[in-house]
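Residue numbers (the numbering used here), protein chains in the order written: chain L, 1 to 134; chain G, 1 to 228. Even glycine gets a Cβ: it sits at the ideal position worked out from N, Cα and C. Because the structure is a prediction, the values reported are computed rather than measured. Structure record follows, encoded as structure tokens.
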């Protein structure tokens, strides 16, 4: 009981310091960038379409508007390229496609993600089990 | 698509927003647009994307807050941070163009009016006499005033657009009229009260007309080059 109180108060403290908060948003930003690159790699897409796809994949926690600063950054880094052209339903839209550099960045992201995904999954799983059997 | 075309498209599409979403969006539009040193092309492109997004979301019954969050100012700052800077080449050539045009009109009108007054009505002199030092000082101060003038007009546009519904047409006209009057008045005051210093020179007044025309022509050619 006392242990749990200690853990809770420590995490509240950490949360307040902001370390966890900024880590979370930093982590999410990097992951979002990777996801956007990956979706664009499947098929050129425009802004609204991208946010719908992210949500369809279950990232409903991400606010729709937050993709635009990311798209701007990816363009600045020349990982994606926007092109205005007419869509099937009529209006001209800015479609994004991956550049050569963007494709390489996606490969790198996928590689890093694979490296990190399994160990993190394992750690969380075991940590969760230990807590459950306590 | 050129930035001007995108702006037109934006103006047209914006009318489809509901009153609530329009207010939210136009605040963002102003906040993001009035960042002088950012790439105009990129600014307009992302603004149109955001508008299209909002229109689609609106059809699904969502509000602007649900799309862009409850703190539009913070969101706009995030967007502005990622918009690349306007190329220095474009920035400098815009400033040079404005300066050339202003000097062209200023010097040209002085030359043409002076020459016409002398030849047709015998008023004044066929020579214009001025001091080099104070002449240059006046031009520099005028250019600074021009900068302030452009800046205040921009500010005025920003304020006007925020309270579009309440401001009457004649009030808007009156406000612009005051800004222009102050600007022209200051230019005349400086010319009148600037003490003469530096070497005094006399040149035929019609030389000024030619110089003004040349300056104006070069600004015109610059603009033509830029758009093609």
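Within chain L, partners of residue i - CB distance below 9 Å
i, result
"residue 50 of chain G", "47, 65 and 68"
"residue 20 of chain G", "Near residue 20 of chain G there are no residues of chain L at all, since even the closest Cβ is about 16 Å away, more than 9 Å."
Bridge partner(s) assigned by DSSP for residue i
i, result
"residue 127 of chain G", "G:204"
"residue 94 of chain L", "L:84"
"residue 38 of chain G", "G:85"
Residue i, DSSP secondary structure in three states
i, result
"residue 53 of chain L", "helix"
"residue 221 of chain G", "helix"
"residue 199 of chain G", "coil"
"residue 194 of chain G", "coil"
"residue 133 of chain G", "helix"
"residue 46 of chain L", "coil"
"residue 83 of chain L", "strand"
"residue 116 of chain L", "helix"
"residue 253 of chain G", "Outside the displayed span of chain G (1 to 228) sits residue 253 of chain G, for which this structure offers no information."
"residue 85 of chain G", "strand"
"residue 64 of chain L", "helix"
"residue 155 of chain G", "helix"
"residue 77 of chain G", "helix"
"residue 71 of chain G", "coil"
"residue 76 of chain L", "helix"
"residue 101 of chain L", "helix"
"residue 29 of chain L", "helix"
"residue 162 of chain G", "Unreliable placement is indicated for residue 162 of chain G, whose pLDDT of 46 sits below 50; no coordinate value is reported for it."
"residue 169 of chain G", "helix"
"residue 18 of chain G", "coil"
"residue 189 of chain G", "helix"
"residue 214 of chain G", "helix"
"residue 44 of chain G", "helix"
"residue 114 of chain G", "helix"
"residue 60 of chain G", "coil"
"residue 108 of chain L", "helix"
"residue 230 of chain G", "Here chain G has residues from 1 to 228 only, and residue 230 of chain G is not among them."
Chain L residues whose Cβ lies nearer than 7 Å to that of residue i
i, result
"residue 56 of chain G", "48"
"residue 84 of chain G", "76"
"residue 69 of chain G", "63 and 65"
"residue 78 of chain G", "69"
"residue 75 of chain G", "65"
Beta-carbon proximity list for residue i, same chain, < 6 Å, skipping 5 on both sides
i, result
"residue 162 of chain G", "Low confidence applies here, because residue 162 of chain G scores a pLDDT of 46, under 50, leaving its location unreliable; read the following figure in that light. Hits under 6 Å: none found."
"residue 86 of chain L", "92"
"residue 141 of chain G", "190"
"residue 24 of chain G", "64"
"residue 31 of chain G", "76"
"residue 218 of chain G", "100"
"residue 202 of chain G", "127 and 129"
Nonlocal neighbours in the same chain, by C-beta distance under 8 Å from residue i, ignoring five residues either side
i, result
"residue 191 of chain G", "138"
"residue 7 of chain G", "44"
"residue 213 of chain G", "104 and 108"
"residue 21 of chain G", "54, 58, 63 and 64"
"residue 153 of chain G", "176 and 179"
"residue 210 of chain G", "111"
"residue 99 of chain L", "78, 79, 80 and 81"
Cut-off 7 Å between Cβ atoms - residues of its own chain near residue i, not counting five sequence neighbours on either side
i, result
"residue 110 of chain G", "208"
"residue 195 of chain G", "134"
"residue 99 of chain G", "143"
"residue 9 of chain G", "48"
Listed by chain order, chain G residues near residue i by CB distance under 8 Å
i, result
"residue 102 of chain L", "Ordered by position in chain G, no residue passes the 8 Å Cβ test against residue 102 of chain L, which lies about 16 Å from the chain."
"residue 54 of chain L", "Per Cβ cutoff of 8 Å: no residues; residue 54 of chain L is ~13 Å from chain G at best."
Continuous alpha helix (DSSP H) stretch holding residue i: start and end
i, result
"residue 67 of chain G", "64-68"
"residue 13 of chain G", "3-14"
Contacts that residue i makes with chain G (C-beta to C-beta distance below 7 Å)
i, result
"residue 84 of chain L", "1"
"residue 59 of chain L", "Result: empty, since nearest Cβ-Cβ is about 15 Å, beyond 7 Å."
"residue 37 of chain L", "The contacting residues do not exist; residue 37 of chain L stays about 16 Å from chain G at best."
"residue 79 of chain L", "By Cβ distance, chain G contributes nothing, its closest Cβ being about 13 Å from residue 79 of chain L, past 7 Å."
"residue 32 of chain L", "Going along chain G, no residue has its Cβ under 7 Å from residue 32 of chain L, so there is no contact; the nearest lies around 13 Å."
Beta-carbon neighbours of residue i, restricted to chain L and to distances below 8 Å
i, result
"residue 45 of chain G", "82, 84 and 94"
Chain G residues whose Cβ lies nearer than 9 Å to that of residue i
i, result
"residue 28 of chain L", "Ordered by position in chain G, no residue passes the 9 Å Cβ test against residue 28 of chain L, which lies about 14 Å from the chain."
"residue 98 of chain L", "Per Cβ cutoff of 9 Å: no residues; residue 98 of chain L is ~18 Å from chain G at best."
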